[in-house]
Amino acid sequence: MNLNLSNFNENTKIIKGHDNISEVKEELAVNGKEITGPPKIRIDNVKKIFKTKNNKTSKIEDFIALNDVNLDIYKGEFLVVLGPSGCGKSTLLDILGGLSPASEGEVKIDDNVITEPGLDRGIVFQQYALLPWRNALKNVTFPLENNKKDAESEEIARKYLALVGLSSFEDRYPHELSGGMKQRVAIARALAIDPEILLMDEPFAAVDAQTRAILQEDLLKITENTKKTVIFITHSIDEAVFLADRVAVMTARPGTIKEIVNIPFSRHHRIATDFKNNSDFISLRRRVWDLLKEEVIKSQEITEKRIKFEENENIDGGGI
Amino acid sequence: MKLESAKENQIYKIFAHVRSFFIKFIAIILFIILWEVLSIVGVFDPNFISSPTNIIITAWQLIIHGMIIEDILYTLIRVIIGISLAILIAIPLGFLLGGYFKKIEESLNPFFILLEQFNPLTLFHLLILVTIINELSTVIIIYWAAQWPILNNTVTGAKNVNPTYVKVAKATKLDKFDIFWKVQLRSSLSNIFSGIRLGILSGFLMAFGVEMMGMTTGKGLGYFIMNSQMNGEVSFIWAGIFIMTLLSLLITLSINQIEKYLCKN
Ligand SMILES: Nc1ncnc2c1ncn2[C@@H]1O[C@H](COP(=O)(O)OP(=O)(O)O)[C@@H](O)[C@H]1O
Ligand SMILES: [Mg+2]
């Protein structure tokens, strides 16, 4: 399966704000994804303001973490949100998970506005977030216990531990598992409630590169087989381009969606061929990097400016 | 063939058990042996220091002749009530302060440190006047001393609950009650139990102090020890100290068992 390059350029057209559905349909068709119906998740003008206390003046100030985020995610899609650190990715995921409300705007799933967490969404958190006093099996049963009998919960948990390849580790406690294994348990826990949507916040950031590559492949297979809609957050370009059907690149804070890049290769192609060493991969990566670079620099400039500001103030203070 | 190896295995297991027991308690065993030897050789004057065998025999005699049972029960019950009160009050208070009202905790903390420094024994006489009942004031003093380590440790535990764990629970739609039991309380458990163990130590210390003051109804191990001292019964003093230590140890061990049981679930 070899796509020629002219075709490929056409398919990575840039779309801003809410997508034109028919265009996205065409794009995703190249990924081997068929879109039926309206977006599964619709993020509409979402803004998030944190009230923070200024250390110097003790005044409460508005801290805009997200501004005007618009994004559509289609059923069965693997959407990667890519952005520099501190741009509000986790904040966005918390809003999608119903763990914190948007200050303005709304998120709809199947036309219902999100107001609270739900069992239609499984979340894999940024840190492993396994409960250290529970073994692998009991960590996976955790979200099931309230609705199901113990035996039933354990049966389901075993099934998902097997799915992530950890059948023989069910008795192990988190501190007895490697980083990659912990992340597998966390994925099993998120899948255990059989959610339609999987929300993942930089799940592989803390594991070594080799383990990460294997985890990425396994995740693609699992999500393809279980037909989940996935929103996956990362700050790694390689990870984004390898995993995504589409990559949503975010700006520096206040975070908003800068551009959406289509990755016009099927998941099967990405796994079966040596995609990461392919010239297509490399040119896509370059393209995404060009988009991201500016934002990374911007997010660093913000910090530099602040440092200069503080220095000036110190000098003033000394003069008085 | 198979049976034999199983037997060997069993013997090896027992051996390993005995060995680990020795490694664990070797310091205590050596200490007691040294004590005994020095007593026999005559380095320790029996008018001041009883030998371990003497202490154990005396304690046993006192118990079977019923001369110390009542005092043991008095001390034990006072301490158990005092510590139970401390647990019942300090743990919920610790969670309120450390988990839900952090701002208030910040302001109250210095005040608590002040209260903690204050030694209730110094106010014992006043306390008796206020409560009229001796037993009640004894229990209150034990409670007072025991509550601080429990409160401090519970606050620390509640404050340090990893917020991501709470998020995990919220994401799976657990209600506040379940989040408290399954995450907040559970993850603070080891802190709380360290607090309880410290509380037991200070509880016994206070019980001893109050009973030594002789202001109680003249019962309890502290009173027994002080009385023996006045009568010059050196071996009784040592037997009393031995039993008191044993009681504290027993309560601590049962607390450890409870902790183990709770942590399994
Ligand atoms: N509860 C909060 N209160 C105040 N500021 C916050 C809070 N949560 C996050 N922030 C700030 O919002 C910005 C975005 O945070 P986050 O979403 O965690 O970024 P990312 O996940 O992209 O690295 C950061 O500057 C962070 O300091
Ligand atoms: Mg983050």
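Respectively, the protein sequence lines represent chains Z and Y. Everything in the first sequence is counted per the numbering used here, starting at 230 for the first residue and increasing by one. Everything in the second sequence is counted per the numbering used here, starting at 1071 for the first residue and increasing by one. C-beta atoms are modelled at their ideal positions from N, C-alpha and C, and glycine is treated no differently. The structure presented is a predicted model; accordingly, all values stated were derived computationally and were not measured.
N-terminal and C-terminal residue of the alpha helix (DSSP H) that valine 1225 of chain Y is part of: By one-based count along the second sequence, residue 1225 of chain Y stands at place 155. 1204-1229 is the span of the alpha helix (DSSP H), which, as asked, contains valine 1225 of chain Y.
7 Å Cβ shell around phenylalanine 279 of chain Z - same chain, five flanking residues per side excluded: Numbered from 1 along the first sequence, position 50 holds the residue referred to as residue 279 of chain Z. Result list for phenylalanine 279 of chain Z: Phe292 and Ala294, in chain order.
Under 6 Å, CB to nearest heavy atom of ligand 1: contacting residues: Z:Phe279, Z:Thr281, Z:Phe292, Z:Ala294, Z:Gly312, Z:Ser314, Z:Gly315, Z:Cys316, Z:Gly317, Z:Lys318, Z:Ser319, Z:Thr320 and Z:Arg482
Three-state secondary structure assigned by DSSP to asparagine 1326 of chain Y: Residue numbering aside, residue 1326 of chain Y sits at position 256 when the second sequence is read from its first letter. Here asparagine 1326 of chain Y sits in helix by DSSP.
Amino acids of chain Y, ordered along the chain, whose beta-carbon sits closer than 8 Å to that of asparagine 375 of chain Z: Residue mapping note: residue 375 of chain Z aligns to position 146 of the first sequence, counting from 1. Under the 8 Å cutoff, chain Y gives Thr1242, Lys1243, Leu1244 and Asp1248.
Interface flag, leucine 392 of chain Z vs chain Y, CB-CB below 8 Å: The residue you call residue 392 of chain Z lines up with position 163 of the first sequence. Chain Y, which has no Cβ nearer than 8 Å to the Cβ of leucine 392 of chain Z, makes this no.
N- and C-terminal bounds of the alpha helix (DSSP H) containing aspartate 447 of chain Z: Along the first sequence, read from residue 1 onward, the residue named residue 447 of chain Z stands at position 218. First-last of the alpha helix (DSSP H) with aspartate 447 of chain Z: 438-455.
N- and C-terminal bounds of the alpha helix (DSSP H) containing arginine 401 of chain Z: Position 172 of the first sequence, counting from 1, holds the residue named residue 401 of chain Z. From DSSP, arginine 401 of chain Z is part of no alpha helix (DSSP H); its letter is neither H nor E.
Partners in chain Y for glycine 315 of chain Z, counting only beta-carbon separations shorter than 7 Å: Walking along the first sequence from the start, residue 315 of chain Z turns up at place 86. Going along chain Y, no residue has its Cβ under 7 Å from glycine 315 of chain Z, so there is no contact; the nearest lies around 18 Å.
Exposure label - glutamate 1281 of chain Y; buried when at least 16 CB within 10 Å: Against the second sequence, residue 1281 of chain Y aligns to sequence position 211. The residue is buried, with at least 16 neighbouring Cβ atoms inside 10 Å.
Heavy atom of ligand 2 within 7 Å of glutamate 524 of chain Z beta-carbon: Position 295 of the first sequence holds residue 524 of chain Z. No, since every heavy atom of ligand 2 falls outside the 7 Å radius drawn around the Cβ of glutamate 524 of chain Z.
Any C-beta of chain Z under 8 Å from that of lysine 1229 of chain Y: As a first step, residue 1229 of chain Y is located in the second sequence; it is residue number 159 there, counting from the start. False, the Cβ-Cβ gap to chain Z never drops below 8 Å.
Nonlocal neighbours in the same chain, by C-beta distance under 8 Å from threonine 1224 of chain Y, ignoring five residues either side: The residue you call residue 1224 of chain Y lines up with position 154 of the second sequence. Ala1160, Ile1161, Leu1163, Gly1164, Phe1165, Gly1168, Ser1258, Asn1261, Ile1262 and Gly1265, listed in sequence order.
Below-8 Å beta-carbon distance, glutamine 412 of chain Z vs any chain Y residue: Position 183 of the first sequence, counted from the first residue, corresponds to residue 412 of chain Z. No, glutamine 412 of chain Z does not count as interfacial toward chain Y.
Below-8 Å beta-carbon distance, tyrosine 1331 of chain Y vs any chain Z residue: Within the second sequence, the letter at position 261 stands for residue 1331 of chain Y. By this cut-off, tyrosine 1331 of chain Y is not an interface position.
Backbone CA spacing between threonine 1226 of chain Y and isoleucine 416 of chain Z [nearest angstrom]: Along the second sequence, read from residue 1 onward, the residue named residue 1226 of chain Y stands at position 156. Along the first sequence, read from residue 1 onward, the residue named residue 416 of chain Z stands at position 187. Their backbone Cα atoms lie some 31 Å apart in a straight line.
Collapsed DSSP secondary structure at aspartate 349 of chain Z in the structure displayed: In the first sequence, counting from the first residue as 1, residue 349 of chain Z sits at position 120. Coil, per DSSP.
Within chain Y, partners of isoleucine 352 of chain Z - CB distance below 7 Å: Indexing the first sequence from 1 puts residue 352 of chain Z at position 123. The contacting residues are Ala1241.
Interface partners of proline 346 of chain Z on chain Y, CB under 7 Å: Residue mapping note: residue 346 of chain Z aligns to position 117 of the first sequence, counting from 1. Going along chain Y in sequence order, the residues near proline 346 of chain Z (Cβ under 7 Å) are Lys1240, Ala1241 and Lys1243.
Contact the stretch 1244-1257 of chain Y vs the stretch 1179-1193 of chain Y: 3+ CB pairs below 8 Å: no
Opposing strand residues paired with phenylalanine 279 of chain Z [DSSP bridges]: Numbered from its first residue, the first sequence carries residue 279 of chain Z at position 50. Phenylalanine 279 of chain Z pairs with Z:Phe292.
Chain-ordered chain Z contacts of lysine 1237 of chain Y [CB-CB under 7 Å]: Translated into positions along the second sequence, residue 1237 of chain Y becomes position 167. The answer, in chain order, is Leu328 and Phe354.
Helix, strand or coil at arginine 514 of chain Z [DSSP, three-state]: In the first sequence, counting from the first residue as 1, residue 514 of chain Z sits at position 285. Three-state result, arginine 514 of chain Z: helix.
C-alpha gap between leucine 1255 of chain Y and glutamate 1140 of chain Y, whole angstroms: Taking the second sequence and counting its residues from 1, the one referred to as residue 1255 of chain Y is at position 185. Taking the second sequence and counting its residues from 1, the one referred to as residue 1140 of chain Y is at position 70. Each residue's Cα considered, the two are about 38 Å apart.
Alanine 477 of chain Z vs leucine 325 of chain Z beta-carbon contact at 8 Å: Numbered from 1 along the first sequence, position 248 holds the residue referred to as residue 477 of chain Z. Numbered from 1 along the first sequence, position 96 holds the residue referred to as residue 325 of chain Z. For alanine 477 of chain Z and leucine 325 of chain Z, no; Cβs fall outside 8 Å.
Glutamine 412 of chain Z Cβ short of 7 Å to ligand 2 heavy atom set: The residue given as residue 412 of chain Z occupies position 183 in the first sequence. Outside the cutoff, so no.
is_contact[threonine 1234 of chain Y, chain Z] using C-beta, thresh 8 Å: Sequence index remark: in the second sequence, residue 1234 of chain Y carries index 164 (1-based). Closer than 8 Å: yes.
Minimum Cβ-Cβ distance from leucine 427 of chain Z to chain Y less than 8 Å: Walking along the first sequence from the start, residue 427 of chain Z turns up at place 198. By this cut-off, leucine 427 of chain Z is not an interface position.
Ligand 2 heavy atom lying under 7 Å from the CB of glutamate 453 of chain Z: In the first sequence, residue 453 of chain Z corresponds to position 224, counting from 1. Every heavy atom of ligand 2 is 7 Å or more from the Cβ of glutamate 453 of chain Z, so no.
beta-carbon aspartate 323 of chain Z near ligand 2 non-hydrogen atom, thresh 7 Å: On the first sequence, residue 323 of chain Z is found 94 positions in, with the first residue counted as 1. Not so, every heavy atom of ligand 2 lies at least 7 Å from the Cβ.
Contacts that proline 372 of chain Z makes with chain Y (C-beta to C-beta distance below 7 Å): As a first step, residue 372 of chain Z is located in the first sequence; it is residue number 143 there, counting from the start. In chain order: Thr1242.
Option nearest leucine 1146 of chain Y by Cα separation, candidates Y:Cys1333, Y:Asn1326, Y:Thr1322 and Y:Lys1330: In the second sequence, the residue the question calls residue 1146 of chain Y occupies position 76. Minimum Cα distance to leucine 1146 of chain Y is reached at Y:Thr1322.
DSSP-derived helix/strand/coil call for valine 490 of chain Z: Stepping through the first sequence from its first residue, residue 490 of chain Z is reached at position 261. Three-state DSSP puts valine 490 of chain Z in a strand.
According to DSSP, residues forming a beta bridge with leucine 300 of chain Z: Within the first sequence, residue 300 of chain Z is the residue found at index 71, counting from 1. The partner list for leucine 300 of chain Z (beta bridge, DSSP) reads Z:Ile272.
Residues in the stretch 1162-1190 of chain Y having any Cβ partner in chain Z nearer than 9 Å: none
For leucine 366 of chain Z and leucine 390 of chain Z, believed in contact at Cβ under 8 Å, the rounded distance: In the first sequence, counting from the first residue as 1, residue 390 of chain Z sits at position 161. In the first sequence, counting from the first residue as 1, residue 366 of chain Z sits at position 137. Correct: roughly 7 Å between the Cβ atoms.
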